[in-house]
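Quick note: the sequence shown uses this note's numbering, first residue 2, plus one each step.
This report concerns only the one structure given below.
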Amino acid sequence: MLVLEFKAYGSSKQFSAIGEALRTVQFIRNKALRFWIDGLGKTQYDLNKYCAVLAKEFPFCNELNSMARQASAERAWSAIAHFYDNCKKQIPGKKGFPQFQKNNRSVEYKSSGWKLAPNRNKITFTDKKGIGTLKLKGTRDLHFYQPDQIKRVRLVKRADGYYVQFCVSVDRSSSVEPSGTVIGLDVGLKDFYTDSNNQTIENPRFLRNSERRLKMAQKRVSKRIKGSNNRRKARQILGLRHLKISRQRKDFALKLARCVITSNDVVAYEDLRIKNMVHNHCLAKSINDASWYQFRVWLEYFGKVFGKITIAVTAAGTSQECSECGTVVKKTLSTRTHACQCGCVLDRDHNAARIILSRGLSTVGHTGTFALDASNASGESTSTLVGEILPQQVGS
Numbered sequence: 002m003l004v005l006e007f008k009a010y011g012s013s014k015q016f017s018a019i020g021e022a023l024r025t026v027q028f029i030r031n032k033a034l035r036f037w038i039d040g041l042g043k044t045q046y047d048l049n050k051y052c053a054v055l056a057k058e059f060p061f062c063n064e065l066n067s068m069a070r071q072a073s074a075e076r077a078w079s080a081i082a083h084f085y086d087n088c089k090k091q092i093p094g095k096k097g098f099p100q101f102q103k104n105n106r107s108v109e110y111k112s113s114g115w116k117l118a119p120n121r122n123k124i125t126f127t128d129k130k131g132i133g134t135l136k137l138k139g140t141r142d143l144h145f146y147q148p149d150q151i152k153r154v155r156l157v158k159r160a161d162g163y164y165v166q167f168c169v170s171v172d173r174s175s176s177v178e179p180s181g182t183v184i185g186l187d188v189g190l191k192d193f194y195t196d197s198n199n200q201t202i203e204n205p206r207f208l209r210n211s212e213r214r215l216k217m218a219q220k221r222v223s224k225r226i227k228g229s230n231n232r233r234k235a236r237q238i239l240g241l242r243h244l245k246i247s248r249q250r251k252d253f254a255l256k257l258a259r260c261v262i263t264s265n266d267v268v269a270y271e272d273l274r275i276k277n278m279v280h281n282h283c284l285a286k287s288i289n290d291a292s293w294y295q296f297r298v299w300l301e302y303f304g305k306v307f308g309k310i311t312i313a314v315t316a317a318g319t320s321q322e323c324s325e326c327g328t329v330v331k332k333t334l335s336t337r338t339h340a341c342q343c344g345c346v347l348d349r350d351h352n353a354a355r356i357i358l359s360r361g362l363s364t365v366g367h368t369g370t371f372a373l374d375a376s377n378a379s380g381e382s383t384s385t386l387v388g389e390i391l392p393q394q395v396g397s
C-alpha cells in the first residue's frame with residue numbers, strides 16, 4: 002500500500018468546510034467510544050451500525066459521507082482492539098485504555114464521497130459538507146495508477162495547510178545489484194549509528210539545534226491573550242517550527258535507511274524498546290530526538306522493496322559482551338572504550354555493532370547462503386516485526 006500526498010488548494014470557505022468535517026469525525030469517534038464504554042457496543046460491527054443512529058439523530062453527522070462515518074467508528078475500534086491486545090499480552094504497566102480525542106486532524110473517505118478529475122490534478126468531495134473541488138499539487142503522478150487502485154482518500158490538516166492523501170493498493174518492488182556485504186548497526190546518541198565496519202553517521206539532533214527558536218515561539222504563545230488573533234498566529238508559527246523538525250527527521254531516516262539497504266545484502270540491528278528507554282528522564286529528549294524507531298521502520302520497508310534481509314536482534318548485553326571471545330565486560334554509560342582481557346580494545350559502539358552482526362548471522366547462517374540474488378531474496382519473509390520472537394519470523 003502506497004500513500005501519495007498532495008498539497009490542497011482552495012478557498013477559505015472550503016477550508017472551513019474541511020474543518021467542520023474534521024470536527025464531525027471527532028464527534029463520531031468519541032460517541033462510538035462512549036457507546037463501547039457504556040457496554041452497548043461489543044464489536045466493530047456494533048459501532049458501524051451506531052453510525053447510522055448518529056446520522057439520524059444529528060443532522061451535521063448525516064452531512065458527512067456514510068463511509069467516512071464508518072471510518073471514524075473504525076478509528077475508535079482500532080484503539081479498543083489495541084487495548085484488548087495489550088491486555089491479552091499482559092504488557093506491564095498501563096495497557097493504553099482508549100481516550101477521547103480532543104484535536105482531530107484528518108478525515109478519511111473510502112470508495113465513495115470523492116471524485117478525481119480526468120487530468121488527476123483536482124478532486125471533488127461529493128458529500129453534503131460543501132468542501133467541493135480542491136486543486137492538487139505534488140511531485141507524484143497519479144496517472145500511473147488506476148482509479149480502482151485508490152482504496153482510501155484522506156484530508157489531513159497540518160500547520161502549513163491541508164493535504165490530500167491517496168492510499169493506493171500496489172505492491173512496490175525493485176531490484177538492485179547484490180553487493181555481497183553484511184552489516185550490523187548499533188544506534189546511539191553520540192553518533193546516530195556505528196556499523197560493524199567502524200563507520201559512523203553523525204547524529205543530526207534536529208530538536209536540539211532548533212530548541213532556541215522553539216522556546217521563543219512558545220513564549221510568544223504564552224504571552225498572548227487566549228482567544229485573540231495574535232495568539233492564533235503565534236500558535237501557527239509554533240506549529241510550523243515543530244512541523245519542520247518532524248519533516249527533517251523523516252527525510253533523514255528515509256534517505257539513510259534506503260542507502261543502508263541498497264548498499265548491503267544483510268542488515269542486522271537492535272530490537273530496542275523505545276517506550277521503556279524514554280522512562281529515563283535524563284535521556285528521554287535525546288532519545289526521541291534521534292528517532293531510532295522511524296529509522297527502523299524505513300529499514301524494514303526498504304528491505305521488503307529491494308528484497309534484502311533485515312534482522313532485529315536482542316539488544317540485551319550487546320554493549321557488555323566482547324566481540325572476540327564472548328566474555329562479559331561490565332561497563333557504565335560513561336565508559337566509551339571496550340577493553341577485554343583477551344587483548345581486544347575497540348570503541349564501545351563498534352564492539353556492540355560486531356556483536357549485533359554476529360547474532361543476526363547466527364539466525365540464518367546455518368542455511369548456507371544469505372540469498373544474495375535480489376530476485377531470490379525474500380525481504381518480506383525475513384524482516385522481523387517489533388516485539389516478536391526471531392526464530393519464528395526469520396526464514397532461511
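We put the CB at the ideal spot given by N, CA and C, even for glycine.
Fair warning: this is a prediction, and the values are worked out from it, not measured in the lab.
Start-to-end residues for the beta strand (DSSP E) that takes in residue i
i: D187; result: 183 to 188
i: I312; result: 310 to 315
i: F101; result: Segment: none, F101 is in no beta strand (DSSP E) and carries neither H nor E.
i: C168; result: 162 to 169
i: E6; result: 3 to 10
i: K152; result: 151 to 159
i: K57; result: K57 -> not in any beta strand (DSSP E); alpha helix (DSSP H) instead, spanning 45 to 58.
i: E109; result: 107 to 110
i: K116; result: 115 to 117
Any non-hydrogen atom of the ligand FMN closer than 7 Å to residue i Cβ
i: L55; result: The ligand FMN is not part of the structure shown, which contains no ligands of any sort.
Where the alpha helix (DSSP H) containing residue i begins and where it ends
i: K90; result: 67 to 90
i: A291; result: 285 to 291
i: L347; result: Per DSSP, L347 belongs to no alpha helix (DSSP H); it is in the beta strand (DSSP E), 346 to 348.
i: T338; result: No alpha helix (DSSP H) contains T338, which is instead part of the beta strand (DSSP E) from 338 to 340.
i: S17; result: 13 to 38
Coil, strand or helix - residue i by DSSP
i: Y146; result: coil
i: I132; result: coil
i: F126; result: strand
i: E1; result: Nothing can be reported for residue 1, as the shown portion of the chain is limited to 2 through 397.
i: V329; result: strand
i: K305; result: helix
i: P93; result: coil
i: L300; result: helix
i: L41; result: coil
i: L334; result: coil
i: R121; result: coil
i: V395; result: In this prediction, V395 scores a pLDDT of 36, lower than 50, which makes its location untrustworthy; no coordinate-derived value is stated.
For residue j and residue i, believed in contact at Cβ under 8 Å, the rounded distance
i: W78; j: L55; result: Contact flag wrong, Cβ pair sits at about 15 Å.
i: N204; j: A269; result: Contact doesn't hold; Cβ gap of about 20 Å is too wide.
i: Q27; j: Q91; result: With a Cβ gap of about 32 Å, Q27 and Q91 do not count as contacting.
i: Y110; j: A53; result: Going by Cβ atoms, the distance from Y110 to A53 rounds to 17 Å, so no, they are not a contact pair.
i: L23; j: N87; result: About 28 Å; that fails the 8 Å criterion.
i: T182; j: D192; result: Actually they are not in contact, since the Cβ atoms of T182 and D192 sit about 20 Å apart, beyond 8 Å.
i: V157; j: I124; result: The Cβ separation is near 13 Å, so there is no contact.
i: A218; j: R225; result: Contact flag wrong, Cβ pair sits at about 11 Å.
i: T315; j: D272; result: 6 Å
i: T336; j: R349; result: 7 Å
i: K136; j: N120; result: Their Cβ separation, rounded to whole angstroms, is 11 Å, which puts K136 and N120 out of contact at 8 Å.
i: K130; j: E21; result: 6 Å
When the Cβ atoms of the region 271 to 285 are set against those of the region 235 to 244, are three or more pairs found closer than 8 Å? Contact between the region 271 to 285 and the region 235 to 244 is absent, because fewer than three Cβ pairs lie under 8 Å.
Please confirm if the region 175 to 187 is in contact with the region 340 to 356, defined as three or more CB-CB distances below 8 Å between the two stretches. yes
Give the list of continuous beta strand (DSSP E) stretches no shorter than 3 residues that lie fully inside the region 242 to 274. 267 to 272
Which complete alpha helix (DSSP H) runs does the region 186 to 243 hold, if anything under 4 residues is left out? 207 to 224
Three CB pairs or more closer than 8 Å across the region 143 to 153 and the region 168 to 175: yes
If we count Cβ pairs, one from each stretch, closer than 8 Å, do we get three or more for the region 290 to 309 versus the region 333 to 345? no
With three or more C-beta pairs closer than 8 Å as the rule, is the region 305 to 313 touching the region 172 to 180? Segment contact: the region 172 to 180 against the region 305 to 313, three or more CB-CB distances shorter than 8 Å; contact assigned.
If contact is defined by three or more beta carbon pairs under 8 Å, each pair taking one atom from either stretch, is the region 263 to 277 in contact with the region 311 to 320? yes
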